[in-house]
Amino acid sequence: MSYLNNAEYYRRRALECQAHADDAMLPEVRHVHAEMAARYSQLVIEAERSERPAMRPTLGVVTGGR
């Protein structure tokens with residue numbers, strides 16, 4: 014997969030996560046999806062400026078910075 018495809022993938026995932034955060038009823042769910050959107054946005058930036066594809070994120074527990 015080329016880096017542009019990675020950037021597009023991460024951009025799409027960031028938008029999906031932000032939409033889930035906007036639609037969520039529970040504040041915990043909003044927080045988790047907003048944090049995921051922020052992480053995907055960082056991956057978009059890295060994929061766009063890097064010559065090699067960014068690593069896909071692994072599943073795990075999101076730690077809150079509250």
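Basically the numbering used here = 1-based index in the sequence shown + 13. Every residue, glycine too, gets a C-beta built ideally from N, C-alpha and C. Quick caveat: nothing in here was measured; it's all calculated off a predicted structure.
By alpha-carbon positions, which one of the options ends up nearest to residue i?
{"i": "Gln31", "options": "Arg52, Arg62, Glu59 and Glu61", "result": "Arg52"}
{"i": "Ala47", "options": "Ser63, His33, Asn19 and Ala20", "result": "His33"}
Within 10 angstroms of the Cβ of residue i, are there 16 or more other Cβ atoms? Answer buried if so, exposed if not.
{"i": "Arg25", "result": "exposed"}
{"i": "Val42", "result": "exposed"}
{"i": "Asn19", "result": "buried"}
Among the residues of its own chain, which have a CB less than 7 angstroms from the CB of residue i, if the five just before and after it don't count?
{"i": "Ser54", "result": "Ala27"}
Within the same chain, show all residues whose beta-carbon is closer than 6 angstroms to that of residue i, passing over the 5 residues directly before and after it, in chain order.
{"i": "Met49", "result": "Cys30"}
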